[in-house]
Amino acid sequence: MKRQALAAIIASMFALAACGGDKPAEQAAAPAAAVEASAPAAQAADVPSSELPVIDAVTTHAPEVPPAIDRDHPAKVRVKMTTVEKTMKMADGVDYHYWTFDGDVPGQMIRVREGDTVEVEFSNDPSSTVPHNVDFHAATGPGGGAEATFTAPGRTSTFSFKALQSGLYIYHCAVAPVGMHIANGMYGLILVEPKEGLPKVDKEFYIVQGDFYTKGKYGAQGLQAFDMDKAIAEQPEYVVFNGHVGSIAGENALKANVGDTVRMYVGNGGPNLVSSFHVIGEIFDKVYVEGGKLINENVQSTIVPAGGAAIVEFKIDTPGSYTLVDHSIFRAFNKGALGQLKVEGEANPEIMTPKLSDTAYQPEGSAAPAPAAASAASAANAY
Ligand SMILES: [Cu+2]
Numbered sequence: 000m001k002r003q004a005l006a007a008i009i010a011s012m013f014a015l016a017a018c019g020g021d022k023p024a025e026q027a028a029a030p031a032a033a034v035e036a037s038a039p040a041a042q043a044a045d046v047p048s049s050e051l052p053v054i055d056a057v058t059t060h061a062p063e064v065p066p067a068i069d070r071d072h073p074a075k076v077r078v079k080m081t082t083v084e085k086t087m088k089m090a091d092g093v094d095y096h097y098w099t100f101d102g103d104v105p106g107q108m109i110r111v112r113e114g115d116t117v118e119v120e121f122s123n124d125p126s127s128t129v130p131h132n133v134d135f136h137a138a139t140g141p142g143g144g145a146e147a148t149f150t151a152p153g154r155t156s157t158f159s160f161k162a163l164q165s166g167l168y169i170y171h172c173a174v175a176p177v178g179m180h181i182a183n184g185m186y187g188l189i190l191v192e193p194k195e196g197l198p199k200v201d202k203e204f205y206i207v208q209g210d211f212y213t214k215g216k217y218g219a220q221g222l223q224a225f226d227m228d229k230a231i232a233e234q235p236e237y238v239v240f241n242g243h244v245g246s247i248a249g250e251n252a253l254k255a256n257v258g259d260t261v262r263m264y265v266g267n268g269g270p271n272l273v274s275s276f277h278v279i280g281e282i283f284d285k286v287y288v289e290g291g292k293l294i295n296e297n298v299q300s301t302i303v304p305a306g307g308a309a310i311v312e313f314k315i316d317t318p319g320s321y322t323l324v325d326h327s328i329f330r331a332f333n334k335g336a337l338g339q340l341k342v343e344g345e346a347n348p349e350i351m352t353p354k355l356s357d358t359a360y361q362p363e364g365s366a367a368p369a370p371a372a373a374s375a376a377s378a379a380n381a382y
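The numbers in numbering that gives the first Met the number 0 rise by one with no breaks, and the one at position 174 of the sequence shown is 173.
Okay, structure coming up:
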């Protein structure tokens with residue numbers, strides 16, 4: 000329906016534009032083209048969801064990504080989600096009582112195909128203290144399903160929506176106070192693949208940034224309570240990838256090989272901060288801007304809005320450790336927004352050499368070095 004409405008608007012825009020011109024042939028052709036464009040959407044809408052094949056979604060915990068979709072037809076995809084409130088490690092010696100989808104932050108990644116009907120079975124664990132729900136940014140309709148999925152502890156709700164538009168979308172809890180539910184970790188990503196699919200890559204990763212507001216300062220030990228005043232002031236103590244400091248660093252670092260093409264599905268749960276996502280030492284060959292259809296090329300850092308996403312792709316040319324950051328850089332080095340991609344393979348000095356020399360700097364006009372020092376420096380140069 001939405002597409003048909005859009006087509007109608009486009010058609011009327013064409014008609015308006017044509018009114019001002021003096022080419023009647025174009026005026027006649029434009030509305031016909033718009034009607035044709037709306038036909039595939041109308042056909043898809045004509046297949047009742049009750050007649051679609053039913054399959055269970057393959058969902059994954061971050062940083063894993065569900066497998067690419069190899070279907071060429073729509074399906075009804077069943078997704079089970081359970082909200083769980085649980086204490087987990089925020090950082091070394093620091094615990095936080097998270098509210099989660101499926102036991103971790105972010106919630107599991109969901110992958111469907113444009114035109115699929117997504118059937119959601121939404122449960123709230125009996126141990127929960129409050130109701131939860133889910134607002135799918137991939138859904139079209141009031142609240143993105145928030146009202147339909149509002150679920151008390153120990154209950155299960157079901158609803159479905161049609162994934163009309165391809166893209167990478169956030170889902171999040173939207174129970175009041177909404178900011179608090181999101182600040183406690185209730186968000187994740189759903190990828191709606193375009194009908195033609197996405198180009199094949201060697202490695203895919205699932206990363207979601209979030210900001211956290213604890214009573215104690217960054218690093219203060221023990222179980223930390225949520226601080227509403229800091230949340231309202233938008234002054235987080237922690238800004239992290241995948242819910243915890245170090246979740247994709249050190250022994251949890253992402254891994255790839257030289258020559259690999261890498262695609263990262265990057266979301267930002269917020270609740271407040273906008274991310275300037277950057278991989279130190281890489282250039283994004285492609286960015287699907289804000290997770291939509293617009294592709295930008297040769298990008299250094301990309302904006303990932305709170306409640307938004309981006310898809311970034313790059314090919315790795317040289318081995319080593321690449322650091323993922325929010326380039327609002329104090330967040331990376333002082334609040335936790337730091338990850339690593341460790342790349343193995345053969346060095347390629349044509350693309351980047353290691354340090355080749357390290358010699359004394361002689362500013363212009365300064366005294367010439369003593370002969371002994373000069374010969375030491377030239378020896379270092381020769382090496
Ligand atoms: Cu919630």
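Glycine included, every Cβ here is placed at the ideal spot set by N, Cα and C.
Query: Going by alpha carbons, who is nearest to Lys341 out of Ser320, Phe332 and Ser356?; Result: Ser320
Query: Is Asp228 helix, strand or coil when you go by DSSP?; Result: helix
Query: Which ranges would you report for the beta strand (DSSP E) in the region 194-266 if only whole runs of at least 3 residues count?; Result: 202-211, 221-223, 237-240 and 253-256
Query: Mapping DSSP to helix, strand and coil, what is Asn123?; Result: strand
Query: Got a list of residues with beta-carbon closer than 5 Å to any non-hydrogen atom of ligand 1, in chain order?; Result: His131, Cys172, Val174, His180 and Met185
Query: What does the alpha-carbon distance come out to for the pair Val400 and Ser365?; Result: Residue 400 lies beyond the residue range present for the chain, which begins at 0 and ends at 382; the question has no answer from this structure.
Query: Of the residues Gly306, Lys79, Pro47 and Pro353, which one's Cα is nearest the Cα of Gly178?; Result: Gly306
Query: With a cut-off of 8 Å on the beta carbons, I'd call Pro304 and Glu281 a contact; round off their distance for me.; Result: Actually they do not touch by this definition, with Cβ atoms about 21 Å apart.
Query: Using a Cβ-Cβ cut-off of 6 Å (strictly less than) and excluding sequence neighbours within five positions of Phe204, which residues of its own chain qualify?; Result: Pro62, Leu253 and Met263
Query: Do Leu51 and Lys75 have their CB atoms nearer than 8 Å?; Result: yes
Query: With 16 as the cutoff for other CB atoms within 10 Å, does Tyr360 come out buried or exposed?; Result: exposed
Query: Hey, which unbroken runs of the beta strand (DSSP E) at 3 residues or more fall wholly within the region 312-365?; Result: 319-325 and 337-343
Query: Using C-beta distances below 6 Å, list every residue in its chain close to Gly215, excluding the 5 sequence neighbours before and after it, in chain order.; Result: Gln223
Query: Below 8 Å between beta carbons: does that hold for Thr150 and Pro130?; Result: yes
Query: Less than 8 Å separating the beta-carbons of Lys202 and Asp259?; Result: yes
Query: Leaving out five residues before and five after Ala90 in sequence, what residues of the same chain have Cβ atoms less than 6 Å from its Cβ?; Result: Val244
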